[in-house]
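Here the structure comes first, spelled out in structure tokens, and everything after it is commentary.
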Amino acid sequence: MPVYNITVKDTSADIVYAGQWTDTPTADALLSSYLNGTCHSTDAVGSTASISFYGTAIYVYGARRPDHDAYTVALDGQINYTGNGFSATALFQQLLYNATNLAPGQHGITLTDTSTAGNRPWLDIDYMIITAGNGDESTISTDTRVDDTAADITYTSLWNTSDPVFAAFWNSTGHVTNATRASATIPFSGNAIMVYGSTDSDHGPFAVSIDNGPSDTRSGLAVTFRAQNLLYYAGGLSSGNHTATIVNMGNGSYLDLDYAVASDWTTPAPPRSQTSGPASSPSPSRHPTSVGAIAGGVIGGVVVLVLTALALWLRSRRTRKGRRQVVDLMAEEQLKQQIESPDPLARFEVSPFLPPSTGSATAGHSLPDMPLSGASYGSGPGSSRFQSVFLIDEVLSIVFLTIVGQ
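Take the sequence shown: its letter number 261 is residue 261 in UniProt numbering, and every next letter is one higher.
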């Protein structure tokens, strides 16, 4: 984060419908095939569905059905796509449109029913997904939920805090008003805010502004009561303190507030470098020694020790002529059994040294070193080190048996 997805259902007040739309047509026998069993449908040419958002991508989902036809999509005021929702077989939760790789900022799309076939004039909206945030995956987001009961929220008069529907709200609390121009001001610190409330058949228009700036008008009108619904989203705000003010614009219609979520985007310090100097031209004194070089040095040292031991043994043999060292028969038998049936795990002492990590999961995050497995000795990082230890062990065993056998 903060590159994350926000699902905006068709019932969200953040989608503005114009023209003739039906909210969740209950007569549709296939209504349950839509996400959460809701959709907005139109058969009126020229009807539109619009959303304004801050982000880098947007995806629009709906159905493709035998009675669906053409539509257009305008991005930031310019029509850039013509689609067709027709399908001989009904298909649901289908991608109707997407715009990706947008510059981080404020954007808007408008879908328009442009059907020309009189027997299949339909277009429907199921849900949308917004890729929000500032477009930088190296930053993090700290989200703070602000309940409607927070002491620093300022309400004008004529708000009610007692209503049976609040049982479906977060924390079972809410504020509701039907007074024209009644408002609530929510202070927050961060770069984005989402405001949640309910929509219902007795709800109406409301307006939201950030820092007393221009207002965006929305509507809470719905065919049925829906709790914890997204009423408003704004992003890309400067870091620091802000206010969001929501105002009831209806004449006797209701507006309620459940909670808000403020997102504070911060940039963490860059990861500390594991080595000094540029990676492209490392200092020779800091270059990691290869496993092969270590193994070669070890083997060379062992060969010198073996030759020295043989020389001393030959000298001792010449001076003692025929004298043989007595070896305990039981110990010799145990040693022979060890050579004939070696236990690989017992014969290897794994060094704590691990090769340096060479991969990375994401930029600036190195993959953790993985422990070497005793079940794979023949290949992969560190295999030459295991083979070297095995060779050393065998050489020493042969030398020892040769000495004690003389």
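Cβ atoms here follow ideal geometry from the backbone N, Cα and C, with glycine treated the same way.
What number of angstroms, rounded off, separates the C-alpha of R181 from the C-alpha of R65? Put simply, the backbone Cα of R181 is about 43 Å away from that of R65.
Which ranges would you report for the alpha helix (DSSP H) in the region 161-225 if only whole runs of at least 4 residues count? Counting only runs of 4 or more, we get nothing.
So D152 packs on P187, CB below 8 Å; how close in whole Å? Rounded, the Cβ-Cβ distance is 5 Å, consistent with contact.
Exposed unless 16 or more other CB atoms sit within 10 angstroms - verdict on D258: With 16 or more Cβ atoms within 10 Å of its Cβ, D258 is classed as buried.
Does DSSP put V8 in a helix, a strand or coil? The answer is strand: DSSP assigns V8 an E or B state.
Could you say which of Q94, H242, A70 lies nearest to G83 if we only look at CA atoms? Closest by C-alpha distance to G83, out of Q94, H242, A70, is A70.
For Q20 versus T48, is the C-beta spacing smaller than 7 Å? Contact: no.
By the DSSP assignment, the beta strand (DSSP E) with L75 in it spans what residues? Residues 70-75.
C-alpha gap between D147 and W159, whole angstroms: Taking C-alpha positions only, D147 is separated from W159 by approximately 15 Å.
Could you say if the region 124-133 and the region 46-60 meet the contact criterion of at least three C-beta pairs nearer than 8 Å? At 8 Å Cβ cutoff, the stretches touch.
8 Å contact criterion, which G105 and G236 should meet: CB distance rounded: Right, their Cβ atoms sit about 6 Å apart.
From Y17 to G133, what distance separates their C-alpha atoms? Cα to Cα, Y17 sits roughly 25 Å from G133.
Per DSSP, the bridge partner or partners of L95: L95 pairs with Y61.
A168 versus A227 - alpha carbon distance: Roughly 6 Å between the two C-alpha positions.
Using only alpha-carbon positions, find the residue among N101, R120, T89, L230 that is nearest to D67. Here the closest residue by C-alpha is R120.
Proximity to N241 [Cα-Cα], best of S189, N251, W265: Checked all of S189, N251, W265; the closest Cα to N241 is S189.
Three-state secondary structure (DSSP) at G105? Strand.
Would you give the residue range spanned by the beta strand (DSSP E) that Q78 belongs to? In the DSSP assignment, Q78 falls within the beta strand (DSSP E) that extends over 78-84.
Quick one: using the 10 Å Cβ neighbour count with 16 as the cut-off for buried, is T7 buried or exposed? Exposed, because fewer than 16 other Cβ atoms sit within 10 Å of the Cβ of T7.
Which term fits L30, buried or exposed, when burial requires 16 or more other beta carbons within 10 angstroms of its beta carbon? Residue burial annotation: L30 is exposed, with fewer than 16 other C-beta atoms found within 10 angstroms of its C-beta.
I'd like to know if G190 contacts chain C, where contact means its C-beta is closer than 7 Å to some C-beta of that chain. Chain labels in this structure do not include chain C; a single protein chain is all it has.
What does the Cβ neighbour count give for N36, buried or exposed, with the cut at 16 atoms within 10 Å? N36 should be labelled exposed.
Presumed contact (8 Å Cβ cut-off) between A13 and L255, rounded CB distance: That belief does not hold up - the Cβ atoms of A13 and L255 are roughly 10 Å apart, past 8 Å.
Hey, how far is the Cα of T173 from the Cα of T161? Going from the Cα of T173 to the Cα of T161 covers about 7 Å.
Just verifying my parser: in three-state terms, what is the DSSP assignment at G133? Residue state, collapsed to three classes: strand.
Keeping to the same chain, check which residues put their C-beta closer than 7 Å to that of A44; ignore five residues upstream and five downstream. Excluding residues within five positions, the ones whose Cβ falls inside 7 Å are G19, Q20, D113.
If I follow the unbroken beta strand (DSSP E) through A18, where does it start and stop? Its beta strand (DSSP E) spans residues 16-18.
Counting only the same chain and skipping the five closest in sequence on each side, list residues whose C-beta sits under 7 Å from that of S253. Only N178, D202, H203, G204 meet the Cβ criterion.
By DSSP's criteria, residue 407 is part of a beta bridge. Which residues make up the other side? No information on residue 407 is available, as it lies outside the stretch 1 to 406 that the chain covers here.
Does the separation of the CB atoms of D200 and A184 fall below 7 Å? No Cβ-Cβ contact shorter than 7 Å links D200 with A184.
Extent of the continuous beta strand (DSSP E) to which S238 belongs: Here S238 belongs to no beta strand (DSSP E), and DSSP marks it neither H nor E.
For G46, which residues of its own chain have a beta-carbon under 7 Å away from its beta-carbon, when the five flanking residues on both sides are left out? Around G46, the same chain offers G19, T112, D113 as residues with beta carbons nearer than 7 Å, after the five sequence neighbours per side are excluded.
Where does the unbroken beta strand (DSSP E) through G55 begin, and where does it stop? Taken as a continuous stretch (DSSP letters only), the beta strand (DSSP E) holding G55 covers 48-55.
From V73 to T24, what distance separates their C-alpha atoms? About 22 Å.
Just to confirm, is the Cβ distance from T144 to W265 under 7 Å? Going by C-beta atoms, T144 is not nearer than 7 Å to W265.
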